[in-house]
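If you count the sequence shown from 1, position 189 lands on 361 in the working numbering, and the numbers rise without skipping.
Where a beta carbon is used, it is the ideal one built from N, C-alpha and C, also for glycine.
Beneath this line is the structure, given in structure tokens, with notes to follow.
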Amino acid sequence: MVFSSPVFLFLFLTAVYILYRVIPGITAKNVLLLIFSIFFYAYGEPKAVILMIISILMNYGFGLAMSGTNKYRRPVLAVSVTANLLMLGIFKYAGFSAEMINYIPGVNVPVPDIALPIGISFYTFQAMSYVIDAYKDPNYIQRNPYKVALYISFFPQLVAGPIVKYYDFAHQIDHRITTPEMTAQGIRRFITGLSKKLLIANTMAAAADYVYGLEAAELSLPLAWLGAIAYLFQIYFDFSGYSDMAIGLGKMFGFDFRENFNYPYISQSMTEFWRRWHISVSTWFKEYLYIPLGGNRKGKVRTAFNKLAVFFCTGLWHGASLNFIVWGLINGGFMMVESYKLINTDKWYRPFRHIYAVFVTLIAFVFFRAETLSDACTFIGKMFSFGTISSGEQTAMFMQQLSPLFIITLCLAVVFSMPVWQTLGKKIRSKELIAYGEAGSYVISLVLLAMCIITLSSSSYNPFIYFRF
Numbered sequence: 173m174v175f176s177s178p179v180f181l182f183l184f185l186t187a188v189y190i191l192y193r194v195i196p197g198i199t200a201k202n203v204l205l206l207i208f209s210i211f212f213y214a215y216g217e218p219k220a221v222i223l224m225i226i227s228i229l230m231n232y233g234f235g236l237a238m239s240g241t242n243k244y245r246r247p248v249l250a251v252s253v254t255a256n257l258l259m260l261g262i263f264k265y266a267g268f269s270a271e272m273i274n275y276i277p278g279v280n281v282p283v284p285d286i287a288l289p290i291g292i293s294f295y296t297f298q299a300m301s302y303v304i305d306a307y308k309d310p311n312y313i314q315r316n317p318y319k320v321a322l323y324i325s326f327f328p329q330l331v332a333g334p335i336v337k338y339y340d341f342a343h344q345i346d347h348r349i350t351t352p353e354m355t356a357q358g359i360r361r362f363i364t365g366l367s368k369k370l371l372i373a374n375t376m377a378a379a380a381d382y383v384y385g386l387e388a389a390e391l392s393l394p395l396a397w398l399g400a401i402a403y404l405f406q407i408y409f410d411f412s413g414y415s416d417m418a419i420g421l422g423k424m425f426g427f428d429f430r431e432n433f434n435y436p437y438i439s440q441s442m443t444e445f446w447r448r449w450h451i452s453v454s455t456w457f458k459e460y461l462y463i464p465l466g467g468n469r470k471g472k473v474r475t476a477f478n479k480l481a482v483f484f485c486t487g488l489w490h491g492a493s494l495n496f497i498v499w500g501l502i503n504g505g506f507m508m509v510e511s512y513k514l515i516n517t518d519k520w521y522r523p524f525r526h527i528y529a530v531f532v533t534l535i536a537f538v539f540f541r542a543e544t545l546s547d548a549c550t551f552i553g554k555m556f557s558f559g560t561i562s563s564g565e566q567t568a569m570f571m572q573q574l575s576p577l578f579i580i581t582l583c584l585a586v587v588f589s590m591p592v593w594q595t596l597g598k599k600i601r602s603k604e605l606i607a608y609g610e611a612g613s614y615v616i617s618l619v620l621l622a623m624c625i626i627t628l629s630s631s632s633y634n635p636f637i638y639f640r641f
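Spelled out as structure tokens, the structure:
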């Protein structure tokens, strides 16, 4: 079940919200959310829900083992991390590992064909967050299993994030309120995310999928740039749209999730980009991997190693493919170079800083999108095949993609990838204008919702990109 589907919008969400408002008491509300969350996951992954329940029970047990000041707490932590990574490794990386081993001369191991459960990367990291936080502070140990289950399985962020760390969630399980203002803000935020996905990301996806689906001989320089730019905006509006919907849904049920995207395409360095892009994952790796490895406290060489290790893992977390590893190392490599001031964007003219960050991101995302390393290198080669002349057929293919809808949507994507409304809001001093603007935002939301419903009625299924991970 996906957020941008009629089943979710008109049946699931309507039912769970009405029941949530009717049922009294925070305990009953939590049980209701847990039941609906498990149903939400089981609707699309009926077999994989068993794996998620095993993960919940396993990590609940590890959390209980953190009780007291006994000497076994650290070994329990090591076992819990190993067990979670082993579960993730079997279902996500077994086939990839076998393929890598088969590159060794004379080795030919069977490649297992294991279906990847949706959301396993996200809920596994949340489960690990619970155990690690319980290790750091025994006050976070949860003795009620259904509360651990609610944290790990809560449907708004279950299958594609944002990753919510346990210490941000724990207090809200039993202490939260749902006001009409929060509900209205949550609905508006949800509609914003839905619009990003259906009205912008899906339009960009049509062009990106078309270009990336071409054979190398059919690809031209203009087509390659068109596909790369379309994907640049597709992945941002797709994933930030899902995060907006998750944050909005959380507000509707009284939960406050941290922001996951902060206009990353206005960044002026790759270091800044990763403070703005997929914040929940980058902070998870920072807190639970980079800092335990030593962070930047053990010299420049160790710091460089730690950063590359984190971005290697970040890339691998996104998918079992060399492409994702290369994508991660490109990002980590540029951040390392920036930290040593080998690329010092502080001394550059501001527009050049922005162009540099967007350019590196654009090229890196080619590896993220392409099927293989070879495809990515071929694609990038076409992007820089200056001096070649497009054939008449290639020109026709390029012009075919430049439909009025694509051009208008691309312009909107550029504008709304920047903090337009925030900038305008800061310049408004009149309380009356602020009130009118607030009311106007809800009117705009209703219009966008109507457009989304019309789009849903006429479009085919288009899952979120991060469902792959």
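V587 versus T351, K368, L461, G426, residue with shortest Cα-Cα distance
The candidate whose alpha carbon is nearest that of V587 is K368.
Counting Cβ pairs closer than 8 angstroms, one from the segment 439-447 and one from the segment 614-623, do we hit at least three?
Segment contact: the segment 439-447 against the segment 614-623, fewer than three CB-CB distances shorter than 8 angstroms; contact not assigned.
Suppose you measure from the CA of I345 to the CA of G233; what does that come to, to the nearest Å?
Spanning the alpha carbons of I345 and G233 requires a straight line of approximately 19 angstroms.
Mind checking which residues open and close the alpha helix (DSSP H) that includes W456?
First-last of the alpha helix (DSSP H) with W456: 451-457.
Would you kindly report the start and end of the unbroken alpha helix (DSSP H) that includes N374?
For N374, the enclosing alpha helix (DSSP H) has its first and last residue at 374-384.
Reducing DSSP to helix, strand and coil, say where D285 ends up.
It is coil, neither helix nor strand.
Buried or exposed for G559, going by 16 or more other Cβ atoms inside 10 Å?
So G559 counts as exposed.
Contact check, Y307 vs L229 under 8 angstroms by CB: the rounded distance?
The C-beta separation of Y307 from L229 comes to about 18 angstroms, leaving the pair out of contact by the 8 angstroms criterion.
For a quick check, are the C-beta atoms of Q298 and I335 less than 7 angstroms apart?
Taking a C-beta distance under 7 angstroms as the contact criterion, Q298 and I335 qualify as a contact pair.
Can you give the Cα-Cα distance for S415 and P277, rounded to whole angstroms?
C-alpha separation (whole angstroms): 44 angstroms.
Express the C-alpha separation of S412 and Y339 in angstroms, rounding to a whole number.
Distance from the CA of Y339 to the CA of S412, rounded to the nearest whole angstrom, comes to 23 angstroms.
Please report the straight-line C-alpha distance between F184 and V473, rounded to a whole angstrom.
Approximately 52 angstroms, taken between the alpha carbons.
Under the three-state reduction of DSSP, which class applies to R193: helix, strand or coil?
DSSP, reduced to helix, strand and coil, places R193 within a helical segment of the structure shown.
Look at the Cβ atom of L366, then the Cβ atom of S589, and state whether they are nearer than 7 angstroms.
Not in contact: L366 and S589 (Cβ atoms no closer than 7 angstroms).
Taking a contact to mean a Cβ-Cβ separation below 7 angstroms, would you say L494 touches L545 in this structure?
In contact: L494 and L545 (Cβ atoms closer than 7 angstroms).
CA-CA distance, L322 and A492?
The alpha-carbon atoms of L322 and A492 are separated by roughly 28 angstroms.
If you check the beta carbons only, do V538 and I552 fall under 7 angstroms apart?
The answer is yes: Cβ separation under 7 angstroms.
Beta-carbon within less than 7 angstroms of W499's beta-carbon, same chain only, minus the 5 sequence neighbours each way: which residues are those?
G487, A536, F539, F540, listed in sequence order.
Kindly indicate the opening and closing residues of the alpha helix (DSSP H) around L421.
In this chain, the alpha helix (DSSP H) harbouring L421 covers 393-424.
Classify P178 as helix, strand or coil using the three-state DSSP reduction.
In this structure, P178 counts as helix in the three-state DSSP scheme.
So, are the CB atoms of Q406 and A378 less than 7 angstroms apart?
The answer is no: Cβ separation not under 7 angstroms.
Which stretch, first to last residue, makes up the alpha helix (DSSP H) that contains Y213?
Counting along the chain, Y213 sits inside the alpha helix (DSSP H) bounded by residues 198-216.
If we count the other Cβ atoms within 10 Å of its Cβ and call it buried at 16 or more, is V115 buried or exposed?
Since the first residue of the chain shown is 173 and the last is 641, residue 115 is not available in this structure.
Assigned secondary structure, H347 (DSSP; H/G/I helix, E/B strand, else coil)
The three-state secondary structure of H347, taken from DSSP, is coil.
Which listed residue (W446, E431, R430) has its alpha carbon closest to that of Y437
Just measuring C-alpha positions, the residue of W446, E431, R430 sitting nearest Y437 is W446.
F484 and L501 look like a contact to me (Cβ under 8 angstroms); what is the Cβ gap, rounded to whole Å?
The beta-carbon distance between F484 and L501, rounded to whole angstroms, is 6 angstroms. This is short enough to meet the 8 angstroms contact definition.
Report buried or exposed for A342, applying the criterion of at least 16 other Cβ atoms within 10 angstroms of its Cβ.
A342 sits buried, since 16 or more C-beta atoms from the chains shown fall within 10 Å of its C-beta.
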